[in-house]
Structures are given as structure tokens and as C-alpha cells.
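Beneath this line is the structure, given in C-alpha cells, with notes to follow.
In the numbering used here, the protein residues as written are 156 to 290.
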């Protein structure tokens, strides 16, 4: 079964998403709370060669359509980066992974979680070191 999504309000939802994050980051920055926004990888983002199983999920959930919308979210990251501690695009973090890592359209297995955790660690480590040096 192919799941159909209603993309008719996508631009409005993306505008609202951006506005909420700008407001949230601006508010929490005043309290010295750092926020990093991450656009997550979904099956079919980036250049990963999908396994047969992953390709089924990509097809079932209209991966091409979802990826077009996800691209629009990623397009907002430069603006969010001005208000938040960071705004990064992780859609390509699995490009070099040859084995199946997706359990469905967005959830990943143990290997996928390990890769994701390592990337997040690399991303936040400078912030943690900076905070440690301030104390």
C-alpha cells in the first residue's frame, strides 16, 4: 500500500516551523540555553544506495515527495543558524553505508543510531568544550 500525503499546506507548515524555532531559539538564548536544529535523514535522502527493503519503504511513503518537502525545511537552516546555536542538515550522513539501516521511512537500526550519535557528538563537542572552559 502506498501512503498518500497531503502536501497542500506544506509551505505554510514550513513557515510556521521556521517561525517557532526562531522564537524558541531567541527566547532560550537569553537564558543561555543552546539549541541546535537538525534536519534528519529519511530513507532516500542523500546518495545512499538503498537496499531492496529500504526502497520498499521509500516507495510506500512517497519518498520523492517527502524529500522535496524535506529539502524546503533544509533551505531554512541558514536563517535558523542565525538565531540558534546551530542548524545542520544530516540528510546525507548515511551516504557511505552499504547495508540496510532503515527500519521504516525514518527510524534506523542500531548501526544507524550509532552513526547518528557519532555525528551529533561531533557537532556538539565544541559547545561542550567551550562551556567547560568557561567554568
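All C-beta atoms in this analysis are idealised placements derived from N, C-alpha and C, irrespective of residue type, glycine included.
* To do: Could you tell me which residues DSSP pairs with residue 243 in its beta bridges?
  => Here residue 243 corresponds to residue number 88 of the chain shown, with the count starting at 1. DSSP lists 193 as the beta-bridge partner residues of residue 243.
* To do: Can you check DSSP and say which residues form a bridge with residue 263?
  => Locating residue 263 in the chain shown gives position 108, where the first residue counts as 1. Answer by DSSP bridge pairing, in chain order: 257.
* To do: Provide the residue span of the alpha helix (DSSP H) that contains residue 175, from first to last.
  => Taking the first residue of the chain shown as position 1, residue 175 is located at position 20. 165 to 184 is the span of the alpha helix (DSSP H), which, as asked, contains residue 175.
* To do: Count the other CB atoms, across all protein chains shown, that sit within 10 Å of the CB of residue 175; report buried if there are 16 or more and exposed otherwise.
  => Within the chain shown, numbered from 1, the residue matching residue 175 stands at position 20. It counts as exposed.
* Among 158, 274, 189 and 216, which residue has its Cα nearest to the Cα of residue 106? -> Any property of residue 106 remains undetermined from this structure, which presents the chain solely from 156 to 290.
* Straight-line gap, residue 224 to residue 267 (C-alpha atoms, nearest Å) -> For the purposes of this step, residue 224 is taken as residue 69 along the chain shown, with counting starting at 1. For the purposes of this step, residue 267 is taken as residue 112 along the chain shown, with counting starting at 1. Taking the straight line joining both Cα atoms gives about 22 Å.
* Just how far apart, CA to CA, sit residue 160 and residue 270? -> Here the question's residue 160 lines up with position 5 in the chain shown. Here the question's residue 270 lines up with position 115 in the chain shown. If you take the alpha carbons of residue 160 and residue 270, they lie about 29 Å apart.
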